[in-house]
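Asker: Pasting in a structure now, in structure tokens, and then I'll have a few things to ask.
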Amino acid sequence: MNQSDYDLRQLAGAEQVAVTAAHEFVRLAQEAVADRGRFPVALSGGSTPRRLYQLLAEKPFREQIDWSKIEVFWGDERGVPPDHPDSNYRMARETLLEKVPIPAGHVHRMQGEREDRDAAARDYQAEIARVFGVASEGEPAPFDLVLLGMGPDGHTASLFPLTGALKETRRWVVANYVPKLNAHRLTLTRPILNRAAQVMFLIVGPDKAKPLAEVLEGPPDPERLPSQFIQPGPGRLLFLADTEAARQLRRGK
Ligand code: 6PG
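Just add 66 to the spot in the sequence shown (first one is 1) and you have the working numbering.
Structure follows, in structure tokens:
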């Protein structure tokens, strides 16, 4: 990627990444609510964002957000029920959503557990369109913020290397089978992720050093490194990485 296409902030450790992300979340939420009366955000799953969600549920961040104006969506979901230990919804509910006064109707869960995954994906796209007040077959809805993580294989959301969802250039939400996990997922796709006003990656730990260097400074190979597909054009692309994850980057050395 061209260095001009993204911002990278290297933080000392996981806690500093989470605190920095919390300040950015609050800043964006306050701006969006002031300008447009609401803040639609897509949460990431996985383990890295846990600490961010815990911080947002506590002083001083909790009181800095008008939770009645937040619309929470997910970037992806595993093929499990909402009370399953692997559920991205459950993780966000336990760390954040049950601790803040967000209206129940503002929490838009991906129904990853449904047998008819394609219908679940279509219904989720329709729900996004309804909340944003846009046509569900038109231009993707513009999230104010999309939170993302990155796997050791360079995947993001549930856009895994060499999987079908990488090819989707029209739908906003699709089902995606991940052979190496033998798992079905639901995921936002490149069109809607790249429509966001801001995409913020939270990347922590030594196992992300190699993929982060490949994604940011290696040759373009997005089928193998799907995080390279995330280039929100007019939107801002921000990577928050701790020292361990940033260790193999040439930039800033
Ligand atoms: C998921 C996430 C996934 C995650 C990365 C990083 O459902 O697992 O959406 O894309 O962000 O796998 O996960 P960690 O934060 O646990 O390293």
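The beta carbon of each residue, even a glycine, is placed where N, CA and C say it ideally should be.
A quick note: this is a predicted structure, and the numbers were derived from the prediction, not measured.
Using a threshold of 8 Å, is the CB atom of residue 115 nearer than that to any non-hydrogen atom of ligand 1?
Answerer: Yes, the beta carbon of residue 115 sits closer than 8 Å to at least one heavy atom of ligand 1.
Asker: Let's test the definition: count the other Cβ atoms within 10 Å of the Cβ of residue 319 and tell me whether it reaches 16, buried, or not, exposed.
Answerer: Summary for residue 319: the model assigns pLDDT 48, below 50, so the residue's position carries little reliability; its value from the coordinates is reported in the next sentence. Exposed, by the Cβ-count rule.
Asker: Of all the alpha helix (DSSP H) runs that stay within the bounds of the region 158 to 199, which reach a length of 4 or more residues?
Answerer: Whole alpha helix (DSSP H) segments, 4+ residues: 183 to 198.
Asker: Verify the contact flag: residue 223, CB atom, against every heavy atom of ligand 1, threshold strictly below 8 Å.
Answerer: Yes, ligand 1 has a heavy atom inside 8 Å of this Cβ.
Asker: Cβ of residue 276 within 8 Å of any heavy atom in ligand 1?
Answerer: No, since every heavy atom of ligand 1 falls outside the 8 Å radius drawn around the Cβ of residue 276.
Asker: What residue does the beta strand (DSSP E) around residue 267 start on, and which one ends it?
Answerer: Taken as a continuous stretch (DSSP letters only), the beta strand (DSSP E) holding residue 267 covers 264 to 269.
Asker: Roughly how many angstroms lie between the CA atoms of residue 277 and residue 218, to the nearest whole one?
Answerer: C-alpha separation (whole angstroms): 6 Å.
Asker: Assuming the contact rule is C-beta atoms closer than 8 Å, residue 209 and residue 107 should be a hit. Round their C-beta distance to whole Å, please.
Answerer: Rounded, the Cβ-Cβ distance is 7 Å, consistent with contact.
Asker: Who are the near neighbours of residue 279 in its chain, counting only those whose CB is closer than 8 Å to its CB and skipping five residues on each side?
Answerer: Once the five neighbours on either side are set aside, the close Cβ partners of residue 279 are 314, 315, 316.
Asker: Residue 305 bridges to which residues according to DSSP?
Answerer: DSSP output for residue 305 lists 74, 267 as bridge partner(s).
Asker: Measure the C-alpha to C-alpha separation of residue 90 and residue 306 and round it to an integer number of angstroms.
Answerer: Looking at the two C-alpha atoms, the distance is approximately 11 Å.
Asker: Would you call residue 247 buried or exposed, if buried means 16 or more other Cβ atoms sit within 10 Å of its Cβ?
Answerer: Exposed is the call here.
Asker: Any chance the CB of residue 217 is under 8 Å from a heavy atom of ligand 1?
Answerer: Checking every heavy atom of ligand 1 against the Cβ of residue 217, one is found closer than 8 Å.
Asker: The alpha helix (DSSP H) that contains residue 298, what's its start and end?
Answerer: Per DSSP, residue 298 belongs to no alpha helix (DSSP H) and is neither H nor E.
Asker: In whole angstroms, what is the alpha-carbon distance linking residue 244 and residue 138?
Answerer: Their Cα atoms are separated by approximately 25 Å.
Asker: Check whether the Cβ of residue 214 lies closer than 8 Å to any heavy atom of ligand 1, and answer yes or no.
Answerer: Correct: residue 214 has its Cβ closer than 8 Å to ligand 1.
Asker: By alpha-carbon positions, which one of 141, 166, 221, 207 ends up nearest to residue 175?
Answerer: Looking at the Cα atoms, 141 is the closest of the given residues.
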